[in-house]
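Structure, as structure tokens:
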Amino acid sequence: MKNQAETRLVDPLVHGAYTSSQFPVSAALLFALQGIRLRLGRMALVFLGISLAMAFTGALLTTDVLYRHIPPEVTAGQQSAGAFRWMWVAVALLISASGTLNAILMSVTERIKEIGTLKCLGAKSIHIVEIFVFESVLLGLLGGLVGGLLGYLFAAASFVMNISSRYLTAAAMLDGAQVILICVGISMTLALLASVIPVLVAAKIEPASAMRYEV
Amino acid sequence: MASQFTMQSSENDGLLDEQAVIVEGAKKYYYMGSECVKALDGIDLQIEKGEYVSIMGPSGSGKTTLFNVVGGLTQPTDGQVFIDKTDISKLDANELAWLRCRKIGYIFQTFNLIPIMTALQNVTLPMIFAGIAKAEREDRAYELLKMVGLGARANHKPTELSGGQQQRVAIARSFANDPAIVLADEPTGNLDLKTGLEIINLMIEMNKQKHVTIMCNTHDLKIINASDRIIWIRDGQVDRIETKDQVQIEVGSLKDSTGRDAAERH
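Here the protein sequences come in this chain order: A and B. Just so we're aligned: the first sequence equals residues 1 to 215 in our numbering. Just so we're aligned: the second sequence equals residues 1 to 266 in our numbering.
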């Protein structure tokens, strides 16, 4: 009986077929958006945290850039932001990243049954990973964009009030605006890093145990 | 030796052509500390194509574990499980996903629809994973919803549907990729008597119309009456297998002498 079983070959279609399974990015994005929408209150808090951290970072970066546009004889070697202040930036970013990690991890554990269902219907672990990476990176994108913009505006306003609008030239403004892009970059990278642990949790979920799981 | 080998395999081909599922000595052990829980302890069974089989047994007898093992949701500790000629104990995670997508349909006690998707989107989901084009999968999903009598509810979300209607959507979803077998785990467990009966009738109708094999875990005596065979599971092993005729006699005798029959059974 055992020997007979050995001779049965595995369907050749199954082997190597996994390259053909598809899950469009749009579908993953849809799931990610819905994940955020369902937990809007909490996600808004996380978004706020990221925005504030990025606004702080953005403001310091912008101030730095704007100071460079003041003629050196005016600043007389005065620095915009001391090294000490960058430590605060690091702390803010760390807190926002851990907030993101926590939010995505909760999103995963709350949706274990849904993940199990998707796996039953033919989703591969990579598809599940996509959903939660998108969810995290979307938060990072929005937080970076809004936070960077806020920081930039705040820094510009404070520059005008504390120094002078004379040095706030178009070139300086444009240079400062690049900070928003930098903020988005930092924020999305952090979000991506923060999603690693939750995503590993989601990928490892076995459909059979997910089905037994009660929230 | 070589001729024997080919003869054996051709024999198997014949066997496999008729069988949707073959389980050979399937074991599933869970280790909790030093204790070993034998959820499945050497199950052998074969399910023919187009058959409607019910799995019966007391709670904790291993029905759900059997469902999980046959459905490729978990790997058996030992033994082999063939779904439509494929030995699932030899597949890796991605290959299992492929198999689950195209060869197996699932119906759960708790329906397990995706809450934020409409009935139509829920039914299209397995077809997305199978890589079917949008227009085609929507057409097919709509046809399936019509078959289960929910054509008018295609754009409703699960929360806007009753329990019975949700289970109908789940049934439509399980048939989406024309699977080799549909597995149902207590499909009427969360439904009232009348709705449960409707769901059973629908499953029988789908079984007859689409010639899809159905394996159904149940406590529900109504389902027993409808199935071609009943496999009784006890302590992770096959206790006995009954055909439809035997059962109908038994159900009849159950009405006459309930006490004695129940005593025999336990």
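Just so you know, even glycine gets a beta-carbon here, dropped at the ideal spot from N, CA and C.
When you compare each of the options to residue i by their alpha carbons, which one comes out closest?
i: residue 193 of chain A; options: A/101, A/178 and A/59; result: A/101
i: residue 102 of chain B; options: B/172, B/144, B/233 and B/177; result: B/177
i: residue 212 of chain A; options: A/112, A/88, A/139 and A/173; result: A/112
i: residue 107 of chain A; options: A/27, A/199 and A/210; result: A/199
i: residue 27 of chain A; options: A/176, A/123, A/191 and A/179; result: A/123
i: residue 210 of chain B; options: B/64, B/52, B/47 and B/136; result: B/52
i: residue 116 of chain A; options: A/24, A/23 and A/207; result: A/207
i: residue 109 of chain A; options: A/35, A/25 and A/186; result: A/35
i: residue 180 of chain A; options: A/84, A/56, A/132 and A/31; result: A/56
i: residue 164 of chain B; options: B/192, B/144 and B/142; result: B/192
i: residue 171 of chain A; options: A/67, A/96, A/151 and A/25; result: A/67
i: residue 46 of chain A; options: A/29, A/92, A/25 and A/99; result: A/99
i: residue 189 of chain B; options: B/200, B/105, B/96 and B/104; result: B/200
i: residue 222 of chain B; options: B/152, B/194, B/91 and B/108; result: B/194
i: residue 33 of chain A; options: A/51, A/90 and A/138; result: A/138
i: residue 130 of chain B; options: B/72, B/95 and B/225; result: B/95
i: residue 48 of chain A; options: A/165, A/150 and A/70; result: A/150
i: residue 182 of chain B; options: B/116, B/22, B/226 and B/215; result: B/215
i: residue 189 of chain A; options: A/30, A/25 and A/97; result: A/97
i: residue 195 of chain A; options: A/118, A/133, A/51 and A/43; result: A/133
i: residue 205 of chain A; options: B/23, B/97, B/89 and B/37; result: B/97
i: residue 196 of chain B; options: B/139, B/162 and B/90; result: B/162
Find the residues of chain A that neighbour residue i, judging by a C-beta separation of less than 8 Å, and give them in chain order.
i: residue 114 of chain B; result: 114, 117 and 118
i: residue 125 of chain B; result: 118 and 121
With a threshold of 16 other CB atoms inside 10 Å of the CB of residue i, please say whether the residue is buried or exposed.
i: residue 316 of chain B; result: Past the edges of chain B, shown from 1 to 266, lies residue 316 of chain B, and the structure says nothing about it.
i: residue 103 of chain A; result: buried
i: residue 135 of chain B; result: exposed
i: residue 132 of chain B; result: buried
i: residue 84 of chain A; result: exposed
i: residue 72 of chain A; result: exposed
i: residue 246 of chain B; result: exposed
i: residue 87 of chain B; result: buried
i: residue 169 of chain A; result: exposed
i: residue 34 of chain B; result: exposed
i: residue 107 of chain B; result: buried
i: residue 41 of chain A; result: exposed
i: residue 153 of chain B; result: buried
i: residue 241 of chain B; result: exposed
i: residue 115 of chain B; result: exposed
i: residue 136 of chain A; result: buried
i: residue 44 of chain A; result: exposed
At 8 Å on the CB atoms, spell out the chain B contacts of residue i, in chain order.
i: residue 43 of chain A; result: Here the premise fails: no neighbours, minimum Cβ distance about 15 Å.
i: residue 106 of chain A; result: Within chain B, no residue comes near residue 106 of chain A; the closest Cβ sits about 17 Å away, beyond 8 Å.
i: residue 27 of chain A; result: 128
i: residue 23 of chain A; result: 128 and 129
With a CB to CB cut of under 7 Å and the five nearest residues on each side skipped, what residues in its chain are close to residue i?
i: residue 166 of chain B; result: 111, 113 and 158
i: residue 63 of chain B; result: 55, 57, 217 and 233
i: residue 126 of chain B; result: 101, 173, 176 and 177
i: residue 160 of chain A; result: 168
i: residue 89 of chain A; result: 56, 57 and 60
Just to check my reading of the structure: residue i and residue j have Cβ atoms closer than 8 Å, yes? What is that Cβ distance to the nearest angstrom?
i: residue 50 of chain B; j: residue 233 of chain B; result: In fact, because the Cβ distance is near 22 Å, the residues do not count as touching under 8 Å.
i: residue 184 of chain B; j: residue 217 of chain B; result: 7 Å
i: residue 70 of chain B; j: residue 28 of chain B; result: About 11 Å separates the two Cβ atoms, so there is no contact after all.
i: residue 42 of chain B; j: residue 25 of chain B; result: 5 Å
i: residue 244 of chain B; j: residue 220 of chain B; result: Actually they are not in contact, since the Cβ atoms of residue 244 of chain B and residue 220 of chain B sit about 16 Å apart, beyond 8 Å.
i: residue 203 of chain A; j: residue 129 of chain A; result: 5 Å
i: residue 201 of chain A; j: residue 144 of chain A; result: Not confirmed; about 25 Å, so no contact.
i: residue 84 of chain B; j: residue 238 of chain B; result: Actually they do not touch by this definition, with Cβ atoms about 21 Å apart.
i: residue 147 of chain A; j: residue 65 of chain A; result: Wrong, their Cβ atoms sit about 16 Å apart, outside the cutoff.
i: residue 137 of chain B; j: residue 150 of chain B; result: With a Cβ gap of about 17 Å, residue 137 of chain B and residue 150 of chain B do not count as contacting.
i: residue 156 of chain A; j: residue 92 of chain A; result: Not confirmed; about 20 Å, so no contact.
What residues of chain B sit near residue i, judged by a beta carbon separation below 9 Å?
i: residue 135 of chain A; result: The contacting residues do not exist; residue 135 of chain A stays about 13 Å from chain B at best.
i: residue 178 of chain A; result: Simply none; closest approach about 38 Å.
i: residue 38 of chain A; result: 115 and 116
i: residue 132 of chain A; result: Near residue 132 of chain A there are no residues of chain B at all, since even the closest Cβ is about 15 Å away, more than 9 Å.
Please work out which residues of its chain come closer than 8 Å, Cβ to Cβ, to residue i, disregarding the five sequence neighbours upstream and downstream, and give them in chain order.
i: residue 155 of chain B; result: 118, 119 and 120
i: residue 158 of chain A; result: 59 and 63
i: residue 197 of chain A; result: 101 and 105
i: residue 39 of chain B; result: 28, 29, 30, 62, 65 and 236
i: residue 19 of chain B; result: 46, 47, 48, 49 and 82
Anything in chain B within Cβ reach of residue i, meaning under 7 Å, just list it in chain order.
i: residue 206 of chain A; result: 74
For a contact meaning CB atoms closer than 7 Å, what does residue i contact in chain A?
i: residue 106 of chain B; result: 120
i: residue 68 of chain B; result: 208
i: residue 26 of chain B; result: Ordered by position in chain A, no residue passes the 7 Å Cβ test against residue 26 of chain B, which lies about 12 Å from the chain.
In chain A, which residues lie less than 9 Å from residue i when you measure between Cβ atoms?
i: residue 216 of chain B; result: Those within 9 Å of residue 216 of chain B in chain A number zero; the least Cβ separation is about 16 Å.
By Cβ distance below 6 Å, which residues in the same chain neighbour residue i in space, the five residues on each side in sequence not counted?
i: residue 172 of chain B; result: 123, 144, 145 and 148
i: residue 179 of chain B; result: 103, 104 and 105
i: residue 23 of chain A; result: 127
i: residue 131 of chain A; result: 28, 31 and 32
i: residue 154 of chain A; result: 59
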